[in-house]
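I have placed the structure first, in the form of C-alpha cells, so that the comments after it can refer back to it.
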Amino acid sequence: MSHTDTRRTTVGGGGVVQVTGELIATRRAGAYHHLTFVAPGLAELARPGQFVALSVGGPTSANLLRRCFSIHKVSPSGTYGGTVDVVVAAHGAGTQWLTALRAHDEVDIVGPLGRPFPLPKEPLACVLVGGGYGSAPLFWLAEALRERGCHVEMVLGAATEARLFGVVEARRFADGVTVTTDDGSTGTRGWVSDVLPDVLRRTGAAVVYGCGPMGMLRSVTQVAAAEGAVAQVAVEESMACGVGVCMTCVMPVAGKDGVTRMVRSCVEGPVFRGDRVRWDAFADGVCRVPADAVGAPRESGH
Amino acid sequence: MAVDTAVPTAVDRSVDMSVDLAGALLPSPMMTASGCAANGPELARLFDLTELGAFVTKSVMAEPRSGRGTPRMSETPSGMLNSIGLQGPGISAFVEKDLAWLDRAGARALVSIAGNTSGEFADVAAALRASDAFGCVVGVEVNISCPNVANRGLVFACDPLASAKVVALVREQLPRDVPIFAKLTPDVTDIVSVAQACVKAGASGLTMINTLLGMVIDTDRLRPQVAGVTGGLSGPAVRPVAVRAVWQTRAAMLEGRLPVVPIIGVGGVRTGRDALELVAAGASAVQVGTATFNDPTAPVRVGRELAQLLRDKGFERLTDAVGVAHGRVAR
Chain A
6 MSHTDTRRTT VGGGGVVQVT GELIATRRAG AYHHLTFVAP GLAELARPGQ FVALSVGGPT
66 SANLLRRCFS IHKVSPSGTY GGTVDVVVAA HGAGTQWLTA LRAHDEVDIV GPLGRPFPLP
126 KEPLACVLVG GGYGSAPLFW LAEALRERGC HVEMVLGAAT EARLFGVVEA RRFADGVTVT
186 TDDGSTGTRG WVSDVLPDVL RRTGAAVVYG CGPMGMLRSV TQVAAAEGAV AQVAVEESMA
246 CGVGVCMTCV MPVAGKDGVT RMVRSCVEGP VFRGDRVRWD AFADGVCRVP ADAVGAPRES
306 GH
Chain B
-5 MAVDTAVPTA VDRSVDMSVD LAGALLPSPM MTASGCAANG PELARLFDLT ELGAFVTKSV
55 MAEPRSGRGT PRMSETPSGM LNSIGLQGPG ISAFVEKDLA WLDRAGARAL VSIAGNTSGE
115 FADVAAALRA SDAFGCVVGV EVNISCPNVA NRGLVFACDP LASAKVVALV REQLPRDVPI
175 FAKLTPDVTD IVSVAQACVK AGASGLTMIN TLLGMVIDTD RLRPQVAGVT GGLSGPAVRP
235 VAVRAVWQTR AAMLEGRLPV VPIIGVGGVR TGRDALELVA AGASAVQVGT ATFNDPTAPV
295 RVGRELAQLL RDKGFERLTD AVGVAHGRVA R
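Chains as they are written, first to last, in our numbering: chain A, 6 to 307; chain B, -5 to 325.
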C-alpha cells in the first residue's frame, strides 16, 4: 500500500488553501447538521480522510480556536463552483454557532489538511467502519475504493438511531451495510466491534478503515489484527489550529522504525495505521506520554 | 500631523516599516511568536515567510522532549490555556533539519532557546552558533519565562539574578553582532527590575510578554482541564497586560532607569490596531502568537493592517510611532 504522492503535499509543499466559504445549504441529519460551503480551490485538492479547519464566531469572535471536521464530500465543479461538505454535532459554543448559520453566511475555511486514507493498489475487499458521525468521510472513500475495483462493505454504529449518520447513503456507496446501535433502536444491538469479526471473515477483507471515537478505533484495530487485516484509522483529537503549529493534537504513534513519538494528528494524521497507535496510553480522558517515547519525561519531570 | 484620510487606499506613498533591532536590520517589524508557528514549513504553505521581519522558532532545548500528555489546551474567553511542555527535537536535530530549512527558504530566524538550567541555555546557544545554518539567524530569544516547566510559576524570569545569569551565559556563547532578546513574564511584581538585570547582563533587547500562568477546571469531570494541571494563558484576553508591561519598561527607559534597548511586543495581537497599541506603548517590533491559530496568515495580515493604519495617521516611518503614547498622556 502506497500513497507517498499524496502525503508529500501536506507539509512544505502547498496543497492547502484558505478561503472564505459561503454556506449554500444546511440541513439536519438525525442528531447532526450537514453543511455545504462554496470553497473555491479546495475541492480539487482534497482526498478522502482529509479535513478542514473552520473559524467560528466571525472576525471578532471570542472563540479563537479552529474547529476541525473531516470532509464529508467535495464537488469540484458544482453550480456554485467547488463545494465542500461537513457534518457537525452541535455540542459546544463553536459548533452551535456553525449549525445556527443560514444560507449565504460566510465562514473562513482552511484545507484540505492532513494525510488522506491510503488506497490499496490492488482491488481488495475493504470494510469501512464509522462511529456516530465519524462515518462522514467514509462515503467518498467508498466511492474511490470501488473505482479501483474494491469490494466495499460498511459498518455503521452509534448509541441510538438518531446518532447514526448516512445509513441511506451507505446502501448506495457500499456493497453491503451492517448497522449497530447500543440501544438496539435499529440494526444489531451492540457495538461495531461485535459484528466486525463476522464481516471481515465473510468478505475476506484485507483493509479496515475506521473513523470515530478513540475507543472504537482501538477495538477496530484489535479486531482487524485478530482477523489478519490492516487497520487505517482517522483519529479525533482536539485541535486548536489544524495546520500543525499549536502542538495540542499530539498522540503517541510508533514510526516505521518502531520508535514511539508524540506526533501531531493534524499533519502526520489524522489517518494512522491502527497498529502503530499507542492505545495503551489512552485512559480516563487523558493520553499519557509512554515512558519509551522519544524525549519522554524522566523522573524529575518536565 | 498630516492626516491623509482623503486618499482612498492603493497607490499613495508607503510607510517605511523597517526596523533596526539592536543591529538586526529587518524589513518589517512583524514576527511569529515562539511556540505559535512551529518551525516554518507549516505556515509556508499559507504565506511567504520572507514577508516577515523574522520567523521566531519554537523554543528548543538541548535534548529531544516529548512534551506533556493530552489534553494540552483549553479554549478560554478570547484566548486559550496551553500546557505543551516545550515539546521539541533538541538542538542537534533542530539545526540540522529545521534551521537548515529556514535558511534554504530565505527566512530570517529569531531562534528561541530554553533550558532547565542556565548551563543548558549556554550549551544550546553554543550548538546553535556552531551550526551550518547560523547565517540565517538574526537574533536569539532567550525563553526564561515559559510557565510550562517543572517548577511552574518559578521561572528564571521571576528572579532578576537567575535571569541575569542565563543571559550572561548565553551572551558569552554568541558573536557580539547577534542580538539576544530576553523574553519576560508579566507574572512578577516589578517587571522593570527583571528587565534591568537582563540588560545589565548583556541582553540586546527585551521580548514581552510570555503567557500568564493560569488554570481551567473541567466542570464535567471536576478536575483540571489540561493534563499539566496549570498552563500558559494567551490570546487577546491578555493583550492589556502586554501593553502595560511594554509601557512600564519603555517608561523606565525614558526616565533613565533602564538603558534604551529595543522591545519586541507580544501578547494578544490579532489586528493591526492591536499591534499599533504595542508600538505606541514602546514596542519596535511585534509578534503574533495565538491569533495564528485563528488565522494562519495573521502574522503578515497584521503587518499590512499596521502599515495601513500608520499611513492613515500620517506616519512616514514605523520608528516614529514607537513609544509615541508616552508623550501624549492626558493631564
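No residue lacks a Cβ here, since even glycine has one placed at the ideal position from N, Cα and C.
It should be emphasised that the depicted structure is a prediction, and the values quoted were computed from it without experimental measurement.
Whole-Å CB distance - Ala163(A) paired with Gly136(A), under 8 Å assumed: Taking the first sequence and counting its residues from 1, one reaches residue 163(A) at position 158. Taking the first sequence and counting its residues from 1, one reaches residue 136(A) at position 131. 7 Å between Cβ atoms; contact.
| query | Roughly how many whole angstroms lie between the Cα atoms of Thr286(B) and Gln101(A)? | reply | As a first step, residue 286(B) is located in the second sequence; it is residue number 292 there, counting from the start. As a first step, residue 101(A) is located in the first sequence; it is residue number 96 there, counting from the start. Whole-angstrom Cα-Cα distance: 23 Å.
If I measure Cβ to Cβ from Met6(A) and keep anything under 6 Å in the same chain, skipping five residues before and after, which residues do I get?
For the purposes of this step, residue 6(A) is identified with residue 1 of the first sequence, where counting begins at 1. With a pLDDT of only 34 at Met6(A), under the threshold of 50, the placement of this residue in the model should not be trusted, and no figure is reported.
- Query: Given 8 Å as the limit, is there contact between the stretch 98 to 117 of chain B and the stretch 41 to 58 of chain B, that is, 3 or more CB pairs closer than that?
  - Reply: yes
TODO: Could you say if the stretch 200 to 212 of chain A and the stretch 220 to 237 of chain A meet the contact criterion of at least three C-beta pairs nearer than 8 Å?
DONE: yes
Residue-chain proximity (Met219(A), chain B), Cβ-Cβ < 7 Å: Residue numbering aside, residue 219(A) sits at position 214 when the first sequence is read from its first letter. Answer no: the Cβ-Cβ gap between Met219(A) and chain B never drops below 7 Å.
- Task: Evaluate Ala105(A) with the Cβ neighbour count: other Cβ atoms within 10 Å of its Cβ, from every protein chain shown; 16 or more gives buried, anything less gives exposed.
- Result: Against the first sequence, residue 105(A) aligns to sequence position 100. Answer is exposed; the Cβ neighbour count stays below 16.
Q: Rounded to whole angstroms, what's the CA-CA distance from Pro2(B) to Glu310(B)? Just pull it up for me.
A: Start at 1 with the first residue of the second sequence, and residue 2(B) comes out as number 8. Start at 1 with the first residue of the second sequence, and residue 310(B) comes out as number 316. At Pro2(B), the pLDDT of 47 sits below 50, so the modelled position is not reliable and the matter cannot be decided from this model.
**Request:** List the residues of chain B whose Cβ lies closer than 8 Å to the Cβ of Ala301(A), in chain order.
**Result:** The residue you call residue 301(A) lines up with position 296 of the first sequence. Near Ala301(A) (Cβ distances below 8 Å), the residues of chain B are Ser60.
* Asked: Is it the case that the Cβ atoms of Leu326(B) and Val282(B) are separated by a distance below 7 Å?
  -> A query on residue 326(B) cannot be resolved here, the shown segment of chain B reaching from -5 to 325 and no further.
Practice task
Return yes when the Cβ of Gly82(B) is within less than 7 Å of the Cβ of Arg59(B), no when it is not.
Solution key: Taking the first residue of the second sequence as position 1, residue 59(B) is located at position 65. Taking the first residue of the second sequence as position 1, residue 82(B) is located at position 88. The answer is yes: Cβ separation under 7 Å.
Item to check | Meets three-Cβ-pair contact criterion under 8 Å: the stretch 71 to 79 of chain B and the stretch 149 to 166 of chain B | outcome: no
Closer than 9 Å by beta-carbon distance: list the chain B residues that pair up with Cys292(A), in chain order.
-> Taking the first residue of the first sequence as 1, we reach residue 292(A) at position 287. The contacting residues are Gly63, Thr64, Pro65, Ala221.
- Mark Glu127(A) as exposed unless 16 or more other C-beta atoms lie within 10 angstroms of its C-beta, in which case mark it buried. The sequence position of residue 127(A) within the first sequence is 122, counting from 1. So Glu127(A) ends up on the exposed side.
Item to complete: Give the DSSP-derived three-state secondary structure of Asp285(A) in the structure shown.
Response: Counting from 1 along the first sequence, the entry for residue 285(A) is found at position 280. The answer is helix: DSSP assigns Asp285(A) an H, G or I state.
Using a C-beta to C-beta distance shorter than 9 Å, which residues of chain B count as neighbours of Gly20(A)?
Here the question's residue 20(A) lines up with position 15 in the first sequence. Here the neighbours are Arg39.
Exercise for review: Have a look at Lys91(B) and Ser125(B) and give me their C-alpha separation to the nearest angstrom.
Suggested key: For the purposes of this step, residue 91(B) is taken as the residue at position 97 of the second sequence. For the purposes of this step, residue 125(B) is taken as the residue at position 131 of the second sequence. Answer to the nearest angstrom: the Cα atoms are 11 Å apart.
Do Asn137(B) and Ser106(B) count as a contact pair if the criterion is CB distance below 7 Å? Here residue 106(B) is taken as the residue at index 112 of the second sequence, counted from 1. Here residue 137(B) is taken as the residue at index 143 of the second sequence, counted from 1. Contact: yes.
Please state if the CB of Val232(B) and the CB of Gly259(B) are separated by a distance shorter than 7 Å. As a first step, residue 259(B) is located in the second sequence; it is residue number 265 there, counting from the start. As a first step, residue 232(B) is located in the second sequence; it is residue number 238 there, counting from the start. The answer is no: Cβ separation not under 7 Å.
Mind pulling the chain A residues with CB within less than 9 Å of Ser72(B)?
On the second sequence, position 78 is the one that residue 72(B) refers to. Per Cβ cutoff of 9 Å: Ser66, Ala67, Asn68, Leu69.
Neighbour-count burial assignment, Pro64(A), 16 or more Cβ in a 10 Å radius: Numbered from 1 along the first sequence, position 59 holds the residue referred to as residue 64(A). Label assigned to Pro64(A): exposed.
Checklist entry - Relative to chain B, which residues along the stretch 38 to 58 of chain A have a C-beta separation below 7 Å, given in chain order? => result none
Q) Where Ile211(B) and Gln219(B) are concerned, what is the direct C-alpha to C-alpha distance, given to the nearest angstrom? A) Here residue 211(B) corresponds to residue number 217 of the second sequence, with the count starting at 1. Here residue 219(B) corresponds to residue number 225 of the second sequence, with the count starting at 1. If you take the alpha carbons of Ile211(B) and Gln219(B), they lie about 5 Å apart.
When Cβ atoms are compared, which residues of the stretch 2 to 36 of chain B fall closer than 7 Å to chain A? Cys30, Ala31, Ala32, Pro35, Glu36
Q | Reference Met209(B); option with closest CA among Gly34(B), Ala56(B), Arg66(B), Asp171(B) | A | As a working note, residue 209(B) is residue 215 in the second sequence. Here the closest residue by C-alpha is Arg66(B).
Q: Apply the 10 Å Cβ neighbour rule to Val115(A) and answer buried if 16 or more other Cβ atoms are within range, or exposed otherwise.
A: Looking up residue 115(A) in the first sequence gives position 110. Val115(A) should be labelled buried.
Report task. Would you mind stating whether Phe287(A) and Met219(A) have Cβ atoms separated by less than 7 Å? Result -> As a position in the first sequence, residue 287(A) is number 282, starting the count at 1. As a position in the first sequence, residue 219(A) is number 214, starting the count at 1. Taking 7 Å as the Cβ cut-off, Phe287(A) and Met219(A) qualify as a contacting pair.
Using DSSP's beta-bridge definition, name the partner residues of Val282(B). Position 288 of the second sequence, counted from the first residue, corresponds to residue 282(B). Its beta-bridge partners are Thr26(B).
* Report the residues of the stretch 275 to 295 of chain B with a CB closer than 9 Å to any CB of chain A, ordered along the chain. => Thr284, Ala285, Thr286, Phe287, Asn288, Asp289, Pro290, Thr291
Indicate whether at least one CB of chain B lies closer than 7 Å to the CB of Val248(A).
-> Translated into positions along the first sequence, residue 248(A) becomes position 243. With 7 Å as the cut-off, Val248(A) counts as an interface residue toward chain B.
Practice problem: Consult DSSP for Phe56(A) and reduce its assignment to one of helix, strand or coil. | Solution: Walking along the first sequence from the start, residue 56(A) turns up at place 51. Strand at Phe56(A).
### Query
Just the Cα atoms here: how many angstroms apart are Leu252(B) and Ala158(B)?
Here residue 252(B) refers to the residue found at position 258 when the second sequence is read from its first residue. Here residue 158(B) refers to the residue found at position 164 when the second sequence is read from its first residue. Using only the alpha carbons, I get a separation of about 14 Å.
Is it buried or exposed for Ser82(A), if we count other Cβ within 10 angstroms and need 16 for buried?
Position 77 of the first sequence, counted from the start, is the residue given in the question as residue 82(A). Burial call: exposed.
Next item on the list: Mind reading off the beta-carbon distance from Ala127(B) to Val89(B)? Whole number of angstroms is fine, and I expect it under 8 Å.
Entry: Stepping through the second sequence from its first residue, residue 127(B) is reached at position 133. Stepping through the second sequence from its first residue, residue 89(B) is reached at position 95. At roughly 6 Å, the Cβ-Cβ gap stays under 8 Å, so Ala127(B) and Val89(B) are in contact.
_Looking at the secondary structure, which residues open and close the alpha helix (DSSP H) in which Leu227(B) lies?_
Numbered from its first residue, the second sequence carries residue 227(B) at position 233. No alpha helix (DSSP H) holds Leu227(B); the beta strand (DSSP E) holding it covers 224 to 228.
- Query: Which of helix, strand or coil does DSSP assign to Asp90(A)?
  - Reply: As a working note, residue 90(A) is residue 85 in the first sequence. Strand.
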